[in-house]
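*Asks:*
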Amino acid sequence: GDSVTQMEGPVTLSEEAFLTINCTYTATGYPSLFWYVQYPGEGLQLLLKATKADDKGSNKGFEATYRKETTSFHLEKGSVQVSDSAVYFCALDSTDSWGKLQFGAGTQVVVTP
Amino acid sequence: DVKVTQSSRYLVKRTGEKVFLECVQDMDHENMFWYRQDPGLGLRLIYFSYDVKMKEKGDIPEGYSVSREKKERFSLILESASTNQTSMYLCASSLGYTGAGANVLTFGAGSRLTVL
Numbered sequence: 144g145d146s147v148t149q150m151e152g153p154v155t156l157s158e159e160a161f162l163t164i165n166c167t168y169t170a171t172g173y174p175s176l177f178w179y180v181q182y183p184g185e186g187l188q189l190l191l192k193a194t195k196a197d198d199k200g201s202n203k204g205f206e207a208t209y210r211k212e213t214t215s216f217h218l219e220k221g222s223v224q225v226s227d228s229a230v231y232f233c234a235l236d237s238t239d240s241w242g243k244l245q246f247g248a249g250t251q252v253v254v255t256p
Numbered sequence: 014d015v016k017v018t019q020s021s022r023y024l025v026k027r028t029g030e031k032v033f034l035e036c037v038q039d040m041d042h043e044n045m046f047w048y049r050q051d052p053g054l055g056l057r058l059i060y061f062s063y064d065v066k067m068k069e070k071g072d073i074p075e076g077y078s079v080s081r082e083k084k085e086r087f088s089l090i091l092e093s094a095s096t097n098q099t100s101m102y103l104c105a106s107s108l109g110y111t112g113a114g115a116n117v118l119t120f121g122a123g124s125r126l127t128v129l
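Line by line, the protein sequences give chains A and B. Residues 144 to 256 (the numbering used here) are what the first sequence spells out, left to right. Residues 14 to 129 (the numbering used here) are what the second sequence spells out, left to right.
1) Give the residues of chain B in contact with A:Gln188, contact being defined as C-beta atoms less than 9 angstroms apart.
2) Can you list, in chain order, the residues of its chain with a C-beta nearer than 8 angstroms to that of A:Val225? Leave out the 5 residues immediately preceding and following it.
3) For the putative contact between A:Tyr209 and A:Lys195, defined by C-beta atoms under 8 angstroms, what is the C-beta separation to the nearest angstrom?
4) In whole angstroms, give me the CA-to-CA distance for B:Tyr23 and B:Leu56.
5) Terminal residues of the continuous beta strand (DSSP E) containing A:Glu158?
6) Could you check if B:Lys31 is buried or exposed, using at least 16 other CB atoms within 10 Å of its CB as the buried criterion?
7) Below 8 angstroms on the Cβ atoms is my contact criterion, and I expect B:Met101 with B:Gly123 to pass it. Report the Cβ-Cβ distance as a whole number of Å.
8) Give the DSSP-derived three-state secondary structure of A:Asn202 in the structure shown.
9) Take A:Tyr182 as the anchor and find which of A:Ser228, A:Leu191 and A:Gly221 has the nearest alpha-carbon.
10) Am I right that A:Leu235 and A:Leu191 are in contact with their C-beta atoms under 8 angstroms? What's the rounded C-beta distance?
11) Work out the CA separation of A:Glu151 and A:Thr214 for me, nearest whole Å.
12) Along chain B, in chain order, which residues have C-beta atoms closer than 9 angstroms to that of A:Gly152?
13) Chain B beta carbons: is any one of them nearer than 9 angstroms to that of A:Asp236?
14) Using beta-carbon positions only, say whether A:Asp145 and A:Tyr173 come within less than 9 angstroms of one another.
15) On the DSSP letters alone, give me the boundaries of the beta strand (DSSP E) that B:Asp39 sits inside.
16) So A:Glu185 contacts chain B; which residues on that side make the cut at Cβ distance below 7 angstroms?
17) What residue from A:Ser237, A:Lys243 and A:Phe216 has the CA that sits closest to A:Tyr231's CA?
18) A:Val147 CB to nearest chain B CB: under 9 angstroms?
19) For B:Phe61, go through chain A and note every residue whose CB falls closer than 7 angstroms to its CB, in chain order.
20) Ignore the nearest five residues each way along the sequence and tell me which others in A:Leu244's own chain have a CB closer than 6 angstroms to its CB.
21) Does any residue of chain A bring its CB to less than 9 angstroms from the CB of B:Leu12?
22) Where B:Thr28 and B:Thr96 are concerned, what is the direct C-alpha to C-alpha distance, given to the nearest angstrom?
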């Protein structure tokens, strides 16, 4: 079945450091890929998405590129802020899943001043 | 601003009690979902619904049931709560199965349930 694997956390960074969170997937066909973010005490919210190979999703300084050849969708940000401290989830939506997303385990990111 | 509202942020129940978790969305979305979130396991789908009175089992439906009598409301029911159902429960909705943005989920803030 479909699955998403993302790097374990917590990831601890200093402010202005470069952030990468690795995400790889297993799926048949051509899934859509997502990054969601969960700030403390809140539900998840969409950060960015990509719907086909080589698409780049971007939002709030975060970027991720849909790489079909490596089945990856790594999240990056060039200079993190304390306010980026959150849990980040990679997810996929298979073409026949009727919108039922498959989520990774989540990666906690802690940014210190 | 679109919203998914979960009725209770925190609940404490005793083993064997019947528990209702309510979720309401104001976006006229077709699809609604109940996920369970546990550390190290991410989100796991319990049940989903793509229309009024329709429901489908997700990955972990055992011990749960759902009800969708109106389009905007999707309820999760624990018939007899057990300690292994202590968790964060997240409700979500999406537009439907066609159209741009159809598979983008909008989440509620979550309901943290503790079963003693």
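Note that the Cβ used here is the ideal one computed from N, Cα and C, for glycine as well.
*Replies:* A quick look at the data gives this:
1) Stepping through the first sequence from its first residue, residue 188 of chain A is reached at position 45. Those within 9 angstroms of A:Gln188 in chain B are Thr119 and Phe120.
2) Sequence index remark: in the first sequence, residue 225 of chain A carries index 82 (1-based). Hits under 8 angstroms: Glu158, Val254, Thr255 and Pro256.
3) Here the question's residue 209 of chain A lines up with position 66 in the first sequence. Here the question's residue 195 of chain A lines up with position 52 in the first sequence. Correct: roughly 7 angstroms between the Cβ atoms.
4) Taking the second sequence and counting its residues from 1, one reaches residue 23 of chain B at position 10. Taking the second sequence and counting its residues from 1, one reaches residue 56 of chain B at position 43. Computed Cα separation, rounded: 18 angstroms.
5) For the purposes of this step, residue 158 of chain A is identified with residue 15 of the first sequence, where counting begins at 1. Note, A:Glu158: premise wrong, no beta strand (DSSP E); not H, not E.
6) Mapped onto the second sequence, residue 31 of chain B falls at position 18. Label assigned to B:Lys31: exposed.
7) The count along the second sequence starts at 1 and reaches residue 101 of chain B at position 88. The count along the second sequence starts at 1 and reaches residue 123 of chain B at position 110. About 5 angstroms separates the two Cβ atoms, so the contact holds.
8) Working through the first sequence from its first residue, we reach residue 202 of chain A at position 59. Taken through DSSP and simplified to helix, strand or coil, A:Asn202 comes out as strand.
9) The count along the first sequence starts at 1 and reaches residue 182 of chain A at position 39. When only C-alpha atoms are compared, the closest one is A:Ser228.
10) If you number the first sequence from 1, residue 235 of chain A lands on position 92. If you number the first sequence from 1, residue 191 of chain A lands on position 48. In fact, because the Cβ distance is near 13 angstroms, the residues do not count as touching under 8 angstroms.
11) Walking along the first sequence from the start, residue 214 of chain A turns up at place 71. Walking along the first sequence from the start, residue 151 of chain A turns up at place 8. Roughly 18 angstroms separates the two Cα atoms.
12) Against the first sequence, residue 152 of chain A aligns to sequence position 9. For A:Gly152, there are no C-beta contacts with chain B under 9 angstroms, since the nearest C-beta of that chain is about 10 angstroms from it.
13) Within the first sequence, the letter at position 93 stands for residue 236 of chain A. For A:Asp236, the answer is yes, since a Cβ of chain B falls inside 9 angstroms of its Cβ.
14) For the purposes of this step, residue 145 of chain A is identified with residue 2 of the first sequence, where counting begins at 1. For the purposes of this step, residue 173 of chain A is identified with residue 30 of the first sequence, where counting begins at 1. No; because the gap between Cβ atoms is not below 9 angstroms, this pair is not in contact.
15) Residue 39 of chain B sits at position 26 when you count from the first residue of the second sequence. Counting along the chain, B:Asp39 falls outside any beta strand (DSSP E), and DSSP gives it neither H nor E.
16) Within the first sequence, numbered from 1, the residue matching residue 185 of chain A stands at position 42. Residues of chain B passing the Cβ test: Ala122.
17) Taking the first sequence and counting its residues from 1, one reaches residue 231 of chain A at position 88. The shortest CA-to-CA distance from A:Tyr231 to any of A:Ser237, A:Lys243 and A:Phe216 is the one to A:Phe216.
18) By 1-based counting over the first sequence, the position of residue 147 of chain A is 4. Any Cβ of chain B closer than 9 angstroms to the Cβ of A:Val147 would place that residue at the interface, and such an atom is present.
19) Here residue 61 of chain B refers to the residue found at position 48 of the second sequence. Simply Lys243.
20) Taking the first sequence and counting its residues from 1, one reaches residue 244 of chain A at position 101. If we look at A:Leu244 and ignore the five residues flanking it on each side, its Cβ neighbours are Ala234 and Asp236.
21) Residue 12 of chain B is absent from the structure shown; chain B starts at 14 and stops at 129.
22) In the second sequence, the residue the question calls residue 28 of chain B occupies position 15. In the second sequence, the residue the question calls residue 96 of chain B occupies position 83. Answer to the nearest angstrom: the Cα atoms are 7 angstroms apart.
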